[in-house]
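Notes follow once the structure below has been shown.
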Amino acid sequence: MRHSLIVIVTLLSTSVSWAEVTAFVNINVVPMSSETVIAQQTVLVSDGTIERIGSVDAVPIPKGATVVDGTDRYLMPGLAEMHAHVSDATSPNVDRNFTLYVANGVTTIRGMLGRESHLALRRELEEGSVFGPRLITSGPSLNGRSVNGAAHARELVNAQHAAGYDFIKIHPGLDADEFDALADTANELGMPFAGHVTIASGVPRVLEKGMATIDHLDGYFATLLPPASQGRGGFGGFFGVMLADEIDSERIPESARMTAEAGTWNVTTQVLVEVRINETTVAELRSWPEMRYVPRATLQRWVDAKNAVTSEPRFDATVAARGIELRRALILELHRAGAGLLLGADSPQVFNVPGFSIHRELDALVAAGLTPYEALRTGTANVAEFLDSNAGIVAAGRDADLVVVNDNPLEDVRNARRIHGVMLRGDW
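According to my numbering, the sequence shown is numbered sequentially starting from 1097.
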């Protein structure tokens, strides 16, 4: 990846300021509203909004504008990390991780491990007093330890709604009554709920209840087991992936169709699963360029986590490889069925460095069968549709969360890594 410490240090030291007008001149626009490149355009940005786009010969550059030379470069929307873990606002990790996100062109993150301090942090990011991407907030997760009965589930959902969180995060352990109470209360309030599929409910039930997103493809492998299978109580590995040798793959299209009909989206975090169970050695993972930004103790914990999975007595590398293959088939079938996909890598997590892992997730989506355009939409236009936001597309009137890259990302998704610069809420 062509990122350098210089870029990151520069971003860390940059104070947010609002230039009157920024002009991207003679740039190729990748709007992401359609699979096209609009060549040799001038794009004017003012007050955090794209004001005008037109031919370089037709759009005059306002006097005093900040000019960005776009010759032979490409302007695309900023990307989203739709499964991020955000530390408490007082942690030094916040500044480092937010900078890594932005340096990699990630301009929106959805926090999936909510804390009370994130409410103020969300506002400070939006105002520009804290440097980093836009933050979509969940409350502290509802799970088998934090919820004590259906009445308590309703109480917690009401409290998080009143506090102003954007959505409810679900972790494992809820019983069926607790999940139903959570879902029904959230639906009454118009508050999305998202995350894991609780075992007591299963994928069909969460689809019926209108879950906003299923993350990690959680619960699908259990749903795809034959009725007589004993695998539900056996060694499932990571999100059931080690059940792969029992899966009835012919039922994948049915699950995808049900998901599309329910309107539930998926945040696949495929790279998280693949890195944990594939044949890539810890020595190779340690050598990835982005590991230079990971504290030594954290990196060692990641190494230990992978070793713990692959040294489990019931771990089988052949079954793991089959699990990766089946997850890729499920991703492609969800896409073909019209079930929405959202870009997310679950960072920072095991070998998933903020920002960098999003580009590895894009690679994984292409490996599953999506085109570069289709993969990039999961982190741009799809996110705008899901969040009902004004970013995600390069067009007049849209929010100016933008990335300039040095080569066409529609030709090769890896070109989205070749970042020349980032515009964050109108600030270049």
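All residues carry an ideal CB built from backbone N, CA and C; glycine is no exception.
Check	Outcome
Just the Cα atoms here: how many angstroms apart are Thr1162 and Asp1168?	19 Å
Give me, in chain order, the residues of the same chain whose beta-carbon lies closer than 8 Å to that of Pro1268; leave out the 5 immediate sequence neighbours on both sides.	Asn1239, Gly1240, His1292, Thr1294 and Ile1295
What does the Cβ neighbour count give for Thr1118, buried or exposed, with the cut at 16 atoms within 10 Å?	buried
Output the distance between the C-alpha atoms of Thr1377 and Val1141, rounded to the nearest integer angstrom.	45 Å
How many Å lie between Gly1130 and Thr1467 at the Cα?	Checking the sequence, you will find Ser at residue 1130 rather than Gly. Those two C-alpha atoms are separated by around 13 Å.
Unbroken beta strand (DSSP E) runs of length 3 or more, entirely within the region 1131-1219: which are they?	1134-1142, 1145-1151, 1162-1165, 1170-1173, 1175-1180 and 1202-1207
What would DSSP say about Arg1521, mapped onto helix, strand or coil?	coil
What is the rounded straight-line gap between the Cα of Val1518 and the Cα of Leu1171?	10 Å
Would you call the region 1447-1461 and the region 1382-1391 in contact, with 3 or more CB pairs under 8 Å?	yes
With DSSP as the reference, identify every bridge partner of Glu1265, one or two as the case may be.	Per the sequence shown, residue 1265 should be read as Lys rather than Glu. DSSP, once it has assigned bridges, lists Ala1290 as partnering Lys1265.
Can you tell me where the beta strand (DSSP E) holding Trp1361 begins and where it ends?	Trp1361 to Val1363
Looking at C-beta atoms only, is the number of pairs between the region 1277-1286 and the region 1243-1257 that lie closer than 8 Å three or more?	yes
So which of Asp1508, Thr1145, Arg1206 and Ile1123 has the shortest CA-CA distance to Gln1136?	Ile1123
If you follow the alpha helix (DSSP H) that Arg1473 is in, where does it begin and where does it stop?	Pro1468 to Arg1473
Which first and last residues belong to the beta strand (DSSP E) in which Val1121 is found?	Thr1118 to Val1125
Counting Cβ pairs, one atom from each stretch, are 3 or more of them under 8 Å apart for the region 1496-1506 and the region 1465-1483?	yes
Given a threshold of 16 other Cβ atoms within 10 Å of its Cβ, counted over all protein chains shown, does Lys1159 qualify as buried or as exposed?	exposed
Please state whether DSSP places Gly1329 in a helix, a strand or coil.	Bear in mind that a pLDDT of 47 at Gly1329, under 50, signals an unreliable position, so the number given afterwards is only what the model happens to contain. Residue state, collapsed to three classes: helix.
Measure the alpha-carbon distance for Glu1421 versus Trp1361 and round it to whole angstroms.	21 Å
Taking contact to mean 3 or more Cβ pairs, one atom from each stretch, closer than 8 Å, check whether the region 1434-1441 and the region 1148-1159 are in contact.	no
Can you give me the C-alpha to C-alpha distance between Gly1147 and Pro1391, rounded to a whole angstrom?	A small fix is needed here, since residue 1147 is Glu in this sequence, not Gly. Distance between the alpha carbons of Glu1147 and Pro1391 is about 42 Å.
Give me the DSSP bridge partner(s) of Asn1448.	Gln1445
Can you give me the C-alpha to C-alpha distance between Asp1412 and Lys1402, rounded to a whole angstrom?	14 Å
Give the range of the beta strand (DSSP E) segment to which Asp1311 is assigned.	Thr1309 to Asp1311
Rounded to whole angstroms, what is the Cα-Cα separation between Asn1374 and Arg1513?	23 Å
CB Thr1203 to CB Pro1236, shorter than 9 Å?	no
Which residues does DSSP list as the beta-bridge partners of Asp1495?	Thr1145
Could you tell me the alpha carbon to alpha carbon distance between Gly1329 and Ala1463, rounded to whole angstroms?	With a pLDDT of only 47 at Gly1329, under the threshold of 50, the placement of this residue in the model should not be trusted; the figure read from the coordinates follows. Looking at the two C-alpha atoms, the distance is approximately 31 Å.
Cutting at 6 Å between CB atoms, please list the residues of its own chain near Phe1120, excluding the five before and the five after it.	Val1139, Val1164, Gly1166 and Leu1171
Which stretch, first to last residue, makes up the beta strand (DSSP E) that contains Ile1232?	Arg1230 to Ile1232
Does the beta-carbon of Arg1562 have 16 or more other beta-carbons within 10 angstroms, so that it is buried, or is it exposed?	Absent from the model: residue 1562. The displayed extent of the chain is 1097 to 1524, so no value can be given.
Three-state secondary structure (DSSP) at Ile1295?	coil
Run through the DSSP bridge pairs and tell me what Ile1427 is partnered with.	Partner(s): none; Ile1427 has no beta bridge.
To the nearest whole angstrom, what separates the beta carbons of Ile1266 and Leu1231, a pair I think is in contact under 8 Å?	Between Leu1231 and Ile1266 the Cβ distance is about 19 Å, and since that is not below 8 Å, they are no contact.
Do you know how far the Cα of Gly1306 is from the Cα of Phe1275?	12 Å
Answer with buried or exposed for Gly1359, where buried requires no fewer than 16 other C-beta atoms within 10 angstroms of its C-beta.	exposed
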